[in-house]
Structures are given as structure tokens and as C-alpha cells.
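Here my numbering runs 88 ahead of the position in the sequence shown, where the first position is 1.
No residue lacks a Cβ here, since even glycine has one placed at the ideal position from N, Cα and C.
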Amino acid sequence: MPSVKANLIIALAIGALISSGLLVLEPLTDYAFLSLEWPGVTAAYFFWGAVGGSAFAGIAISWVVNALTYGLGAFAILSVLKLLRAA
89 MPSVKANLII
99 ALAIGALISS
109 GLLVLEPLTD
119 YAFLSLEWPG
129 VTAAYFFWGA
139 VGGSAFAGIA
149 ISWVVNALTY
159 GLGAFAILSV
169 LKLLRAA
């Protein structure tokens, strides 16, 4: 069974892939999946309003926050699966 550290690394990789996929799909689907990106978009708006950063910085913040958000969900699922396998 993978350790907690391994599960965390796997979960963060899954979150990064999901976040990247959402960013790539947005222009192709005419922003149909924008509701899935709300955590990152909200963080980017707060950052942009606070310091007036560039659009690239906003996209980077959005990607990181979404990766962490979806990574946390993946970590929870991996932890539950680990507990179910141990039982």
C-alpha cells in the first residue's frame, strides 16, 4: 500500500492534470465548464483586485488553486480507498 506521502504526490498530480485539462477545454467548449473552475477563478479575481497583476499571473494562480482543490479531493478518495483495502 502506498504511504501517505505517495498518496499526496499522486493526488497533487491528479489535481494538476484536471486543472490543466479544464484550462485547455475552456476555449474549445466556449467556457461551458467554467463552473468547475470557480475556486481558482475566485482566487485570481481576489489577487487581481488586490495588486492589479497581469493576466498571466491570474491564470497561473487559477491553475494552482484548482490543482490544489482537485488534488485535495483526489487525496480524500485515495485515503478512503486505502482504508477500504486495509479492512
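Check, Outcome
"I'd like the list of long-range same chain contacts for residue 162, defined as Cβ closer than 7 Å, with 5 residues on each side in sequence excluded.", "99, 102, 103"
"Spatial neighbours of residue 127 within its chain, please: CB distance less than 8 Å, with the 5 preceding and 5 following residues excluded, ordered by chain position.", "153, 154, 157"
"Express the C-alpha separation of residue 91 and residue 129 in angstroms, rounding to a whole number.", "32 Å"
"In its own chain, which residues sit with a C-beta less than 7 Å from the C-beta of residue 124, not counting the 5 before and 5 after it?", "110"
"How would you write the range of the alpha helix (DSSP H) that residue 163 sits in, first residue to last?", "143-174"
"Is the separation between the beta-carbon of residue 131 and that of residue 150 shorter than 8 Å?", "yes"
"Near residue 167, which residues of its chain fall below 7 Å by C-beta distance, leaving aside the five closest residues on each side in sequence?", "95"
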